[in-house]
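S.K.: Sharing a structure below in structure tokens format, with a few things to ask.
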Amino acid sequence: MELYKNQSLQIYNTLSGEKSTFTPIHDGNIGMYVCGPTVYSNVHLGNVRTFMSFDVIFRYLLHLGYKVRYVRNITDAGHLTDDGDVDNDRFVKQSRLEKLEPMEIVQKYSVDFHKVLDTFNFLPPTIEPTATGHILEQIELTQKLIDTGFAYESNGSVYFDVFAYNEKGLNYGELSNRNIDELFANTRDLDGQSEKKNPQDFALWKKASPAHIMRWNSPWGEGFPGWHLECTAMSTKYLGETFDIHGGGMDLKFPHHECEVAQGKACNGHSPVNYWMHTNMLTMNGLRMSKSTGNYILPMELVTGENNFFEKPFEPNIVRFCFLQAHYRSVLDISNDAMVASEKGYNRLMESYKLLPMLKASNTSSLDIASWKQSCYNAMNDDFNTPILIAQLFEGARYINLVNDGTATLTTDDIKLLETTLSNFLFDVLGMNNTASGGTSNTTEKLKGVVELLIEMRKQARANRDFALSDQIRDQLLTLGIQLKDGKEGTTFSV
Ligand code: AMP
Ligand code: ZN
Numbered sequence: 023m024e025l026y027k028n029q030s031l032q033i034y035n036t037l038s039g040e041k042s043t044f045t046p047i048h049d050g051n052i053g054m055y056v057c058g059p060t061v062y063s064n065v066h067l068g069n070v071r072t073f074m075s076f077d078v079i080f081r082y083l084l085h086l087g088y089k090v091r092y093v094r095n096i097t098d099a100g101h102l103t104d105d106g107d108v109d110n111d112r113f114v115k116q117s118r119l120e121k122l123e124p125m126e127i128v129q130k131y132s133v134d135f136h137k138v139l140d141t142f143n144f145l146p147p148t149i150e151p152t153a154t155g156h157i158l159e160q161i162e163l164t165q166k167l168i169d170t171g172f173a174y175e176s177n178g179s180v181y182f183d184v185f186a187y188n189e190k191g192l193n194y195g196e197l198s199n200r201n202i203d204e205l206f207a208n209t210r211d212l213d214g215q216s217e218k219k220n221p222q223d224f225a226l227w228k229k230a231s232p233a234h235i236m237r238w239n240s241p242w243g244e245g246f247p248g249w250h251l252e253c254t255a256m257s258t259k260y261l262g263e264t265f266d267i268h269g270g271g272m273d274l275k276f277p278h279h280e281c282e283v284a285q286g287k288a289c290n291g292h293s294p295v296n297y298w299m300h301t302n303m304l305t306m307n308g309l310r311m312s313k314s315t316g317n318y319i320l321p322m323e324l325v326t327g328e329n330n331f332f333e334k335p336f337e338p339n340i341v342r343f344c345f346l347q348a349h350y351r352s353v354l355d356i357s358n359d360a361m362v363a364s365e366k367g368y369n370r371l372m373e374s375y376k377l378l379p380m381l382k383a384s385n386t387s388s389l390d391i392a393s394w395k396q397s398c399y400n401a402m403n404d405d406f407n408t409p410i411l412i413a414q415l416f417e418g419a420r421y422i423n424l425v426n427d428g429t430a431t432l433t434t435d436d437i438k439l440l441e442t443t444l445s446n447f448l449f450d451v452l453g454m455n456n457t458a459s460g461g462t463s464n465t466t467e468k469l470k471g472v473v474e475l476l477i478e479m480r481k482q483a484r485a486n487r488d489f490a491l492s493d494q495i496r497d498q499l500l501t502l503g504i505q506l507k508d509g510k511e512g513t514t515f516s517v
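This is the structure:
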């Protein structure tokens with residue numbers, strides 16, 4: 023029987039402002055949409071944190087036995103730095119800066135994004151659609167919104183009419199708890215807003231200026247789609263008019279997700295999403311990590327150690343462990359101390375884990391492994407509480423140590439249960455990479471260990487007067503660029 027039938031999963035829903043029992047629309051199946059990256063530059067560690075939170079949520083839902091359709095898009099067009107100014111198209115700006123075609127920018131940073139995800143052991147989403155691959159769907163939705171009186175064309179652009187929406191009693195601002203009159207008072211007067219009826223109307227379609235190279239034909243002339251509409255188009259296409267979970271960082275709550283709610287309700291007459299999930303921010307020096315302020319670090323800089331912020335490189339596993347020691351709805355401030363503490367903690371956990379095959383079984387158990395196992399589920403069932411889960415995993419490690427030193431006893435079955443529960447949660451759910459060494463050694467150190475092992479084997483070969491083997495080791499290492507030097511103190515090597 024599927025695990026989810028025995029577990030009661032609670033999810034905090036931004037829309038209701040409370041945790042409630044999660045029930046999917048179709049029993050056993052879940053549709054989840056997460057806003058993907060805007061691929062005009064490298065993803066920073068803050069972006070990685072948000073995507074990692076959803077990676078773990080995806081992993082846990084799969085672990086529970088749900089069939090999950092997980093859609094995470096790639097925003098490769100239409101994301102303006104502000105809604106009113108077409109010159110602020112991120113892709114067009116970046117392509118000028120790097121002297122590349124906008125689609126070269128998209129390719130370059132999509133490749134980087136996927137490389138980062140591989141490095142940090144992410145599961146791929148089940149569908150990864152792009153905005154540019156769904157221009158037709160966006161044009162169709164725009165036309166539908168015009169036809170139903172929720173949108174209007176102005177000077178080749180099409181805007182969503184927020185006031186018309188509210189007049190129909192549909193409550194713009196319900197997700198982010200904003201009052202439309204306050205919004206009206208606080209909106210700046212930006213270039214291009216004169217074509218809008220109201221400042222908070224947002225673009226569904228933007229007319230392309232002659233210099234704007236990313237452009238498509240539409241019933242309103244050449245232009246490009248609005249950012250908010252792409253997510254509505256892709257989520258509706260792959261998950262339906264109403265689906266289970268929609269996620270993203272909490273900075274996307276307004277306006278992006280608020281606009282998605284409005285578009286969905288205007289198009290279909292009902293709310294597009296049952297559970298809205300928002301992740302909290304990664305900060306550095308107490309400030310939100312962000313490209314625009316320069317307060318950021320790239321994931322690979324943390325892994326290679328090429329940065330001025332951390333004292334040493336950290337393995338991807340340690341970054342993952344550090345991130346998951348905070349709940350996804352809490353702020354996490356990344357620091358050298360936090361990373362060092364995570365490394366120590368993870369190594370300690372793995373040292374105990376590695377003792378498991380050596381444990382001696384007894385006839386009786388003095389520890390209650392079944393209830394410990396349920397505590398692990400309870401942690402994740404409580405709105406994916408990874409820090410509590412990790413505390414439980416340390417409790418499991420403590421059990422191993424107690425049995426190892428003879429202070430407690432476990433039966434063969436309980437040792438097996440402890441082992442499967444620990445590996446399920448560590449590797450399948452939290453996504454720690456089982457094949458990585460842990461935190462102590464990086465690749466260079468591992469290679470050093472391998473060469474030292476070969477030096478030792480060569481020494482033994484010589485002691486056995488097997489000079490053919492000892493020469494083979496020396497010569498083959500040399501072809502790899504590793505030179506052995508025999509000296510008084512023994513054999514050393516250089517690369
Ligand atoms: P973007 O490519 O800017 O749309 O961002 C991709 C995702 O990363 C979005 O869900 C953002 O909310 C999220 N994000 C951006 N900055 C941070 C941060 N400092 N911490 C956590 N998530 C972030
Ligand atoms: Zn989105």
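Under the working numbering, read the sequence shown as residues 23 to 517, first letter to last. Ideal placement from N, C-alpha and C gives every residue a C-beta, glycine not left out. Please read these numbers as outputs of a predicted model, since none were measured by experiment.
DSSP on Ser314, reduced to helix/strand/coil?
M.R.: coil
S.K.: Let me know the secondary structure DSSP gives Thr431 once reduced to three states.
M.R.: coil
S.K.: From the DSSP secondary-structure annotation, give me the bridge partner or partners of Leu304.
M.R.: DSSP links Leu304 through a beta bridge to Leu354.
S.K.: Who are the Cβ neighbours of Leu448 in its own chain at under 7 Å, not counting the five residues just before and after it?
M.R.: Leu415, Met454
S.K.: Assess, as a yes-or-no matter, whether the stretch 364 to 372 is touched by the stretch 84 to 100 under the definition of 3 or more beta carbon pairs within less than 8 Å.
M.R.: no
S.K.: Can you give me the C-alpha to C-alpha distance between Thr60 and Leu378, rounded to a whole angstrom?
M.R.: 44 Å
S.K.: Within the same chain, show all residues whose beta-carbon is closer than 7 Å to that of Gln505, passing over the 5 residues directly before and after it, in chain order.
M.R.: The beta carbon of Gln505 is closer than 7 Å to those of Phe515, Ser516 in its chain, skipping five residues each way along the sequence.
S.K.: Regarding His300 and the ligand ZN, is the C-beta to nearest heavy atom distance less than 7 Å?
M.R.: no
S.K.: Out of Ser176, Glu511, Val114, Arg351, which has the shortest C-alpha to C-alpha gap to Arg226?
M.R.: Before going on, a small fix: residue 226 reads as Leu here, not Arg. Nearest option by C-alpha distance: Ser176.
S.K.: Should Gln285 go down as buried or exposed, given a rule of 16 or more other Cβ atoms within 10 Å for buried?
M.R.: buried
S.K.: I need the DSSP call for Asp493, collapsed to helix, strand or coil.
M.R.: helix
S.K.: Please confirm whether any heavy atom of the ligand ZN lies closer than 7 Å to the CB of Thr278.
M.R.: Sequence inspection shows His at residue 278; the Thr mentioned does not correspond to that position. Within the cutoff, so yes.
S.K.: Hey, could you find the ends of the alpha helix (DSSP H) Asp140 is sitting in?
M.R.: 124 to 141
S.K.: Kindly list the residues whose CB is nearer than 7 Å to the CB of Ala360, restricted to its own chain and excluding five residues on each side of it in sequence; keep chain order.
M.R.: Cys344, listed in sequence order.
S.K.: With C-beta atoms as the reference, is Glu282 less than 8 Å away from Thr254?
M.R.: yes
S.K.: Am I right that His156 and Lys259 are in contact with their C-beta atoms under 8 Å? What's the rounded C-beta distance?
M.R.: The C-beta separation of His156 from Lys259 comes to about 7 Å, placing the pair in contact by the 8 Å criterion.
S.K.: Could you name the residues of the same chain whose beta carbon sits closer than 7 Å to that of Asn69, not counting the 5 residues immediately before and after it, in chain order?
M.R.: Pro59
S.K.: Since Gly269 and Phe76 should fall inside the 8 Å C-beta cutoff, what is the C-beta to C-beta distance between them, to a whole number of angstroms?
M.R.: With a Cβ gap of about 5 Å, Gly269 and Phe76 count as contacting.
S.K.: Using 8 Å for Cβ pairs, my map puts Ala173 next to Val180. What's the rounded Cβ distance?
M.R.: Separation of the CB atoms of Ala173 and Val180 is rounded to 5 Å, and the pair is thereby assigned contact status at 8 Å.
S.K.: Is Gly367 a contact residue of the ligand AMP, with contact defined as CB to any heavy atom under 7 Å?
M.R.: no
S.K.: Whose CA, out of Phe135, Val133, Asp134, Arg112, lies closest to the CA of Pro124?
M.R.: Arg112
S.K.: With a 10 Å radius around its C-beta and 16 neighbouring C-beta atoms as the bar for buried, classify Ile412 as buried or exposed.
M.R.: buried
S.K.: With H, G and I counted as helix, E and B as strand and the rest as coil, what does DSSP make of Gln222?
M.R.: coil
S.K.: Roughly how many angstroms lie between the CA atoms of Thr518 and Lys376, to the nearest whole one?
M.R.: Any question about residue 518 goes unanswered here, given that the chain covers just 23 to 517.
S.K.: Report yes or no: do the stretch 144 to 155 and the stretch 216 to 235 share at least 3 C-beta pairs separated by less than 8 Å?
M.R.: In short, these stretches do not touch, since the Cβ pair count stays below three.
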